[in-house]
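Numbering (our numbering), first residue to last: 104 to 479.
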């Protein structure tokens, strides 16, 4: 079961290879980001303003597999920076985004209409803007508007490009002088991921592969992903990977918020609650959170759900813990897709919706017309 040959037969675009290459994409993105943009010149422009530019907010505009990088950046840096980091998954920017905002516009394809609409608004607001993409209209718009553009490789699904996308964000924030160097943390993360991937790759048999074992337990169950609130972005990553790769619904929650509402929901009938399996993402929780997790697990979850599985992060730094959980979750969702006899690369519902939206509205063309019609 879950032998390499079986996996590759169903995995049409070789998503398994993309997951395995996560540490390699991080290395590539780090080197590419530092060489593709003249950050020193941008810093001089920041310093030459009437009042030296320091962002009052950092906004990451994106959707789906691109947007999650913004969530991760916020979780990682929330106790390290003096400005909030928010992710905007929308056509419109919040009113507080202005010339004193740092804005990253991320679209792996470069053609995501919500992101292009937000890019248009960001240009109108006058903030410091960077874009990250592989190609598409975003690249074209940035060239016309002279917006710094970080190019990443084509050829993978957006959700498989997380190493490229997140690293481009993190390195940019570092190179702009907004955080202390994270080079050591990135290096640790890369080394831990290289070891971990070889423990749970498609070559490793079921009896020795924790990701395959967890996937097997998830069959015919709905995963409920719980974590410490400081790792909420990773619960989102698990959910969306189960959605897109495994083609199943999934729900998330964080401690200690679920202790104030959601746990009452598990007072439902056993017939209903036994359809769910809980994956507890364990990290470096504080004592109060750790106690809450243990009590919730023993008093309620083990009795009501089909199973409770704890997944422990690896590494010393928070960055390493985050990405060790990501690669574990990605492999679990891949293996569950195979067990469900579903191609993890296919996203039929998304493709149908995109096609229908373009036929009815063609928002991207309208955005381009609004942006550049005055130049003609």
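Yeah, the Cβ is synthetic: ideal placement off N, Cα and C, and Gly gets one too.
Under 8 Å between C-beta atoms of residue i and residue j
i           : j           : result
residue 172 : residue 209 : yes
residue 122 : residue 263 : yes
residue 235 : residue 268 : yes
residue 246 : residue 471 : no
residue 424 : residue 386 : yes
DSSP-derived helix/strand/coil call for residue i
i           : result
residue 210 : strand
residue 326 : strand
residue 380 : strand
residue 358 : strand
residue 204 : strand
residue 450 : coil
residue 259 : coil
residue 331 : strand
residue 353 : coil
residue 282 : coil
residue 136 : helix
residue 274 : helix
residue 189 : strand
residue 373 : helix
residue 59  : The structure shown does not extend to residue 59, since the chain is modelled only from 104 through 479, so no value can be given for it.
residue 479 : Because residue 479 carries a pLDDT of 48, less than 50, the predicted location of this residue cannot be relied on, and no value is offered for it.
residue 194 : coil
Per-residue burial, residue i [other beta carbons within 10 Å of its own, 16 or more giving buried]
i           : result
residue 373 : exposed
residue 301 : exposed
residue 375 : exposed
residue 166 : buried
residue 155 : exposed
residue 104 : exposed
residue 218 : buried
residue 258 : exposed
residue 277 : buried
residue 415 : exposed
residue 323 : exposed
Proximal residues to residue i (C-beta, below 7 Å), its chain only, five neighbours per side dropped
i           : result
residue 139 : 253 and 254
residue 186 : 158, 159, 160 and 161
residue 392 : 331, 358 and 359
residue 199 : 160
residue 202 : 228, 229 and 230
residue 405 : 411
Contacts around residue i, its chain only, beta-carbon distance under 6 Å, and the 5 residues preceding and following it disregarded
i           : result
residue 109 : none
residue 286 : none
residue 215 : 166
residue 343 : none
Same chain, Cβ closer than 8 Å to residue i, neighbours up to 5 away in sequence not counted
i           : result
residue 346 : 352 and 353
residue 226 : 232, 248, 250 and 474
Within-8 Å CB hit, residue i to chain B
i           : result
residue 147 : This model lacks chain B altogether; it includes just one protein chain.
Inset, instruction - Only counting runs of 3 or more residues, tell me where the beta strand (DSSP E) segments fall wholly within the region 207-255, in order along the chain. - result: 231-236 and 252-254
Inset, instruction - Any chance you could list the beta strand (DSSP E) runs of at least 3 consecutive residues sitting entirely within the region 383-430, in chain order? - result: 410-415
Legend entry - In chain order, each beta strand (DSSP E) run of at least 3 residues that lies wholly inside the region 110-187: 160-164
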